[in-house]
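To start, the structure itself, in structure tokens.
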Amino acid sequence: MRRRLLVQVMAVAALPLFVAPAFAAGEGGGGSGGGTTQCKKGEVWDKKKNKCVKPQYGMLDDDSIYEAGHDLAMAGRYDEAISVLTLAANKQDPRILNYLGYSHRHSGRITVGLGYYEEALRINPDYTLVREYLGEAHLQIGDLAGAQEQLKEIEKRTGKGSREYGMLSEQIDHFLRS
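The numbers in my numbering rise by one with no breaks, and the one at position 171 of the sequence shown is 172.
Shown next, in the form of structure tokens:
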């Protein structure tokens, strides 16, 4: 128990090193109702206060951790995203697992990423964004059939008009042309 508390305290103390700057996109596109909010180095977006704050022990909920991790991943800061996402209390949140998979995959650890995607789908088989990213991972390792399987699963769940279907379909077409 004492060791776990020490690890948690150390993780939170180190958080400013991992989320600087953190980009947070909340509902409606960002903290102030439009665009993306960019926090200064050593700060994270606090959606309750609707501003950037210095992180303190216990202040970040899993939604805030997810948003910071997501935005770091989208900014190409994959190792920082992983560090933030691993702080989530709910290790079975499919959103967290998805962006852990995304960040590992984009860091070159495709097999690790595949494991996170599979775990997210075990929890929520209808999470089509995971299926899109899983399909892209299959293409990265040359598994066209695996990518096409995910495309079919997306089509069953959301149809051909969904963003995820279009994105993976485009990636498959690109793969076939190259």
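C-beta atoms are modelled at their ideal positions from N, C-alpha and C, and glycine is treated no differently.
Since residue i and residue j are thought to touch, with beta carbons under 8 Å apart, how far apart are those beta carbons, to the nearest angstrom?
i	j	result
residue 79	residue 102	No, residue 79 and residue 102 are not in contact; Cβ-Cβ is about 11 Å, not under 8 Å.
residue 165	residue 155	5 Å
residue 64	residue 48	7 Å
residue 138	residue 111	6 Å
Just how far apart, CA to CA, sit residue i and residue j?
i	j	result
residue 134	residue 83	16 Å
residue 147	residue 169	12 Å
residue 70	residue 129	19 Å
residue 99	residue 121	6 Å
residue 113	residue 119	10 Å
residue 53	residue 81	18 Å
residue 263	residue 157	Because the chain in this structure spans residues 2 to 179, residue 263 falls outside the shown range and cannot be described.
residue 39	residue 72	10 Å
residue 150	residue 136	8 Å
residue 66	residue 93	14 Å
residue 26	residue 88	With a pLDDT of 33 at residue 26, under the threshold of 50, the modelled position of this residue cannot be trusted, and the question is left open.
residue 109	residue 115	11 Å
residue 162	residue 46	33 Å
residue 153	residue 167	12 Å
residue 51	residue 68	13 Å
residue 127	residue 160	12 Å
Alpha carbons only, please: which of the options is nearest the one belonging to residue i?
i	options	result
residue 95	158, 132 and 75	132
residue 107	86, 127, 47 and 74	74
residue 61	145, 85 and 72	85
residue 177	63, 141, 163 and 160	141
residue 77	105, 150, 161 and 115	105
residue 91	115, 124, 110 and 111	124
residue 179	161, 145 and 159	145
residue 175	50, 143 and 68	143
For residue i, which beta-bridge partners are listed by DSSP?
i	result
residue 52	47
Comparing the CB of residue i with every heavy atom of the ligand SAM, is any distance shorter than 7 Å?
i	result
residue 109	Among the components of this structure there are no ligands whatsoever, and the ligand SAM is therefore not found.
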